[in-house]
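This report refers to the structure that appears directly beneath it.
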Amino acid sequence: MFPNITHHQNIMGGRACIRGMRIPVSLIVNLVANGMPREQIIAEYPDLTDEDITQALRYSAALANEEVRLAELVAK
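Counted from 1, the sequence shown has number 7 at position 7 by this note's numbering; the numbering is strictly sequential.
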């Protein structure tokens with residue numbers, strides 16, 4: 001579903017990253033949320049593609065859509 005999103009324990013501590021690079025999904029989402037155009041993101045991170053950005057956003061949306069039970073949150 002998100003082939004460009006990877007998790008490797010030795011890369012960024014297992015956080016979701018783009019294609020095994022040290023570019024976390026959270027960075028991409030924050031850049032987009034703060035208004036940075038895709039073209040500028042790609043200019044600053046030339047190993048990224050437009051598809052990488054799209055998948056990062058879709059991955060984040062999928063995580064935000066997950067059901068969280070209040071009891072699980074209170075238990076933590």
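The C-beta atom is built at its ideal place from N, Cα and C for all residues, glycine as well.
Is Asp50 near Ile18, with beta carbons less than 8 Å apart?
For the purposes of this step, residue 50 is identified with residue 50 of the sequence shown, where counting begins at 1. For the purposes of this step, residue 18 is identified with residue 18 of the sequence shown, where counting begins at 1. Not a contact, by the Cβ cut-off of 8 Å.
Are there 16 or more other CB atoms within 10 angstroms of the CB of Met12, so buried, or fewer, so exposed?
Stepping through the sequence shown from its first residue, residue 12 is reached at position 12. Result: buried.
May I have the straight-line CA-CA distance separating His7 from Met1, to the nearest angstrom?
Taking the first residue of the sequence shown as 1, we reach residue 7 at position 7. Taking the first residue of the sequence shown as 1, we reach residue 1 at position 1. Approximately 14 Å, taken between the alpha carbons.
Every unbroken alpha helix (DSSP H) within the region 28-74, with a cutoff of 4 residues, ordered by chain
38-44, 50-64
Report the rounded CA-to-CA distance for Val32 versus Val25, giving the unit in angstroms.
As a position in the sequence shown, residue 32 is number 32, starting the count at 1. As a position in the sequence shown, residue 25 is number 25, starting the count at 1. Near 11 Å, if we compare the C-alpha coordinates of Val25 and Val32.
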